[in-house]
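Engineer: Residue numbers 129 to 303, in this note's numbering, belong to the letters of the sequence shown in order.
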Amino acid sequence: MHAHKLLFIGTPGAGKTTAIAAVSDALPVCTDVPSSEEDRRTTVALDFGEVHLEEGLRLGLYGIPGQPRFDFLWSILAPGTLGVVLMLDARETASSQRVSWLLAQHRAHLDGTALVVCVTHLDAAAAKPLADFREMARLRGLDCPVLGLDARRTDLVQFVLRVLVARIEAQALLP
Ligand SMILES: Nc1nc2c(ncn2[C@@H]2O[C@H](COP(=O)(O)OP(=O)(O)OP(=O)(O)O)[C@@H](O)[C@H]2O)c(=O)[nH]1
Ligand SMILES: [Mg+2]
Numbered sequence: 129m130h131a132h133k134l135l136f137i138g139t140p141g142a143g144k145t146t147a148i149a150a151v152s153d154a155l156p157v158c159t160d161v162p163s164s165e166e167d168r169r170t171t172v173a174l175d176f177g178e179v180h181l182e183e184g185l186r187l188g189l190y191g192i193p194g195q196p197r198f199d200f201l202w203s204i205l206a207p208g209t210l211g212v213v214l215m216l217d218a219r220e221t222a223s224s225q226r227v228s229w230l231l232a233q234h235r236a237h238l239d240g241t242a243l244v245v246c247v248t249h250l251d252a253a254a255a256k257p258l259a260d261f262r263e264m265a266r267l268r269g270l271d272c273p274v275l276g277l278d279a280r281r282t283d284l285v286q287f288v289l290r291v292l293v294a295r296i297e298a299q300a301l302l303p
C-alpha cells in the first residue's frame, strides 16, 4: 500500500484539527488545550489522523499548530510531506502578515510539494469573500486551487484530499 504524508498548515482557528478529525478513519491524535487568548481550544503539539482511500492509498494527515509560539515544530513536522493544505479563516484578511509568513515557510520547507488553499468560516457574518483569497493567490503567483471549505463537513474535507492527491500524482508525472 502506498502512503502519502499530507500536512495541514494555517492560521489559528482556521480548522486544521477539525478537518483532520472529520476524515480520519481511526480516532485522531489531538493535542488541544483551552486557549489562553480565545474561547476555544488550540493545538499545542500536532494533529495526526489517517485515511485509507479505495484506490489502495494511505494518507497520513499531520497538522501544525497555528499559533506562532509553536513555529519551531515546522522543522520537525515538514520533512517527507508530499502535499499541503493551507487553511485560512475568511474572517481574517487574505494579505495578513501571518499568511505571508506561512507562505514563506511553505517555500522554505515544502517547495515542490502540491498545495491546496482552503478558506473556512465563509458562513460567518464577518467573512471576506472567497474572491479576495483567490486574488491573493494570483498576486503571489501561487499555482493552486483556492477552495471554500467548512472543516466540519467530512464530505468536503474528503474532496479536498482527493484534489490534493490528484495534484501530487500529476506533479509526479511531470519531468
Ligand atoms: N461556522 C463555521 N465553523 C467552522 C468552519 N470550519 C471550522 N469551523 C469551526 O472552527 C473551529 C476551528 O477550530 P480548530 O479546528 O481547533 O482550528 P485549528 O486550525 O486547529 O486551530 P489551532 O490549533 O489553534 O491552530 C472549530 O470550532 C470548528 O468547528 C466553517 O466553515 N464554519
Ligand atoms: Mg488545531
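We put the CB at the ideal spot given by N, CA and C, even for glycine.
Every value quoted in this text rests on a predicted model; they were computed, and no experiment measured them.
1. Is the separation between the beta-carbon of residue 189 and that of residue 134 shorter than 7 Å?
2. Among 293, 298, 210, which residue has its Cα nearest to the Cα of residue 183?
3. Sorry if obvious, but does the Cβ on residue 256 come closer than 6 Å to a heavy atom of ligand 4?
4. By a C-beta neighbour count over all protein chains shown, 10 Å radius and 16 as the cutoff for buried, is residue 203 buried or exposed?
5. Out of 220, 218, 212, point me to the one whose CA is closest to residue 231's CA.
6. Would you kindly work out how many angstroms separate the C-alpha atoms of residue 164 and residue 224, rounded to a whole number?
7. Given residue 222, which residues of its chain have a CB within under 6 Å of its CB, disregarding the five upstream and five downstream residues?
8. What distance in whole Å lies between the Cβ atoms of residue 139 and residue 194, which are believed to be in contact at a cut-off of 8 Å?
9. On the criterion of 16 or more Cβ atoms from any shown chain inside 10 Å, does residue 220 qualify as buried, or is it exposed?
10. Does DSSP put residue 283 in a helix, a strand or coil?
11. Report the partner residues of residue 170 according to the DSSP bridge assignment.
Structural biologist: According to the data block:
1. yes
2. 293
3. The model on display carries ligand 1 and ligand 2 but not ligand 4.
4. exposed
5. 212
6. 22 Å
7. 260, 261, 264
8. 5 Å
9. buried
10. helix
11. 161
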